[in-house]
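Trainee: Residue numbers (numbering that gives the first Met the number 0): 0 to 206.
C-beta atoms are modelled at their ideal positions from N, C-alpha and C, and glycine is treated no differently.
Small disclaimer: the values here were computed from a predicted structure and weren't measured.
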Amino acid sequence: MEIHASLNNLDHLRYLVSRVHNSIHPYVQGILGLVHAFSSNLDNIREYVQKIAFFEDGHILVLCMNKDMAVKLLHAQYFQVDLTFKRVCRKINEFELNEYDINYNITFTYARIFTNIATANAYHRMFKAIIEAVNELCKQEVQTRHIHNNGWKVILGNLDAAQAKGLGLVLANLDPTKTWETHLTYIFKSCRVHYKRKVFKTFIKSI
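Quick look at the structure:
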């Protein structure tokens, strides 16, 4: 196969690639581009991106979950919460709900949320958005073992105070008869790695 002579000119090649890219993503690939794709349902993006929200405190929330992921999360016994700062540029971080399958040695992702804030209020919004999306996609209500005697048994976290409070607040929305702190005693557990890390940091500070 012969390559056209014009493609040997790197500047011209970059121009052609840029023109095609701009025609596909007229609002580039940042948050503005995502909003455009979501509003026009480009490539059926709404099957995966369930919610894009902006709040007065500057919080940006993008929830990604398809129906299959929602069904699996609805019927999960436990899952872990992870906030990573590695895969997304600038101020947007990835918040993920997943479960490690010991039978297949793989991690299954139930939901991803892209967020720029990790306060208790932001976590409350994120957990609430996930529960609402699962309810809507599955046409069935999320349940937890300590409230409904069925459903989620354990949620693993990393001992982040804001994360724990946000989870507790959304559980208190499901059952207002208990405080958010009380709810956590029933369902919230710490990842062993994060627990040891917190203990070590506390020990170092005390020296």
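Given this structure, state the Cα-to-Cα distance separating Y26 from L41, to the nearest angstrom.
Mentor: For the purposes of this step, residue 26 is taken as the residue at position 27 of the sequence shown. For the purposes of this step, residue 41 is taken as the residue at position 42 of the sequence shown. Note on Y26: pLDDT 44, under 50, position unreliable in the model; the coordinate value appears next. Their Cα atoms are separated by approximately 12 Å.
Trainee: Does F187 pass the burial test, meaning 16 or more other C-beta atoms within 10 Å, or should it be called exposed?
Mentor: Here residue 187 refers to the residue found at position 188 when the sequence shown is read from its first residue. F187 comes out buried.
Trainee: Alpha carbon to alpha carbon, how far is V34 from N65?
Mentor: On the sequence shown, position 35 is the one that residue 34 refers to. On the sequence shown, position 66 is the one that residue 65 refers to. So the alpha carbons of these two residues sit roughly 18 Å apart.
Trainee: With distance defined between alpha-carbon atoms, name the residue in L183, K152, G167, Q162 nearest to F258.
Mentor: Outside the displayed span of the chain (0 to 206) sits residue 258, for which this structure offers no information.
Trainee: Checking 7 Å against the spacing of the C-beta atoms, do I91 and F113 come in under that value?
Mentor: Your numbering for residue 91 matches position 92 in the sequence shown. Your numbering for residue 113 matches position 114 in the sequence shown. Yes.
Trainee: With a threshold of 8 Å on Cβ separation, who are the neighbours of R45 within its own chain once the five nearest residues in sequence on each side are excluded?
Mentor: In the sequence shown, residue 45 corresponds to position 46, counting from 1. Here the set comprises F37.
Trainee: Taking just the CA atoms, how far does Y47 sit from S189?
Mentor: Start at 1 with the first residue of the sequence shown, and residue 189 comes out as number 190. Start at 1 with the first residue of the sequence shown, and residue 47 comes out as number 48. Distance between the alpha carbons of S189 and Y47 is about 29 Å.
Trainee: From the DSSP output, read off the bridge partner residues of N92.
Mentor: On the sequence shown, position 93 is the one that residue 92 refers to. In the DSSP output, where bridge partners are listed per residue, N92 has T114.
Trainee: Which whole-angstrom value describes the C-beta separation of A132 and A69, a residue pair presumed to lie in contact below a C-beta threshold of 8 Å?
Mentor: The residue you call residue 132 lines up with position 133 of the sequence shown. The residue you call residue 69 lines up with position 70 of the sequence shown. That belief holds up - the Cβ atoms of A132 and A69 are roughly 6 Å apart, short of 8 Å.
Trainee: Within 10 angstroms of its Cβ, does Y109 collect 16 or more other Cβ (buried), or is it exposed?
Mentor: Position 110 of the sequence shown, counted from the first residue, corresponds to residue 109. Buried, because 16 or more other Cβ atoms sit within 10 Å of the Cβ of Y109.
Trainee: I'd like the span of the alpha helix (DSSP H) that includes F53, first residue to last.
Mentor: Indexing the sequence shown from 1 puts residue 53 at position 54. Counting along the chain, F53 falls outside any alpha helix (DSSP H), though it belongs to the beta strand (DSSP E) covering 48–53.
Trainee: Starting from the C-beta of N172, find all residues in its chain whose C-beta is less than 8 Å away, skip the five residues before and the five after it, and write them out in chain order.
Mentor: Mapped onto the sequence shown, residue 172 falls at position 173. Around N172: K127.
Trainee: Return the bridge partner residues of G32 from the DSSP annotation.
Mentor: Taking the sequence shown and counting its residues from 1, the one referred to as residue 32 is at position 33. Residue pairing by DSSP places G32 in no beta bridge whatsoever.
Trainee: In the DSSP assignment, find the unbroken beta strand (DSSP E) run with K188 in it and report its ends.
Mentor: One-based indexing of the sequence shown puts residue 188 at position 189. Note, K188: beta strand (DSSP E), 187–189.
Trainee: How is N97 classed by DSSP in three states: helix, strand or coil?
Mentor: Counted from its first residue, the sequence shown places residue 97 at position 98. Strand, per DSSP.
Trainee: Work out the CA separation of K177 and L73 for me, nearest whole Å.
Mentor: Taking the first residue of the sequence shown as 1, we reach residue 73 at position 74. Taking the first residue of the sequence shown as 1, we reach residue 177 at position 178. If you take the alpha carbons of L73 and K177, they lie about 22 Å apart.
Trainee: How would you label Y103, buried or exposed, when you count the other beta carbons within 10 angstroms and need 16 or more for buried?
Mentor: What you label residue 103 is simply residue 104 of the sequence shown in a count that begins at 1. So Y103 ends up on the exposed side.
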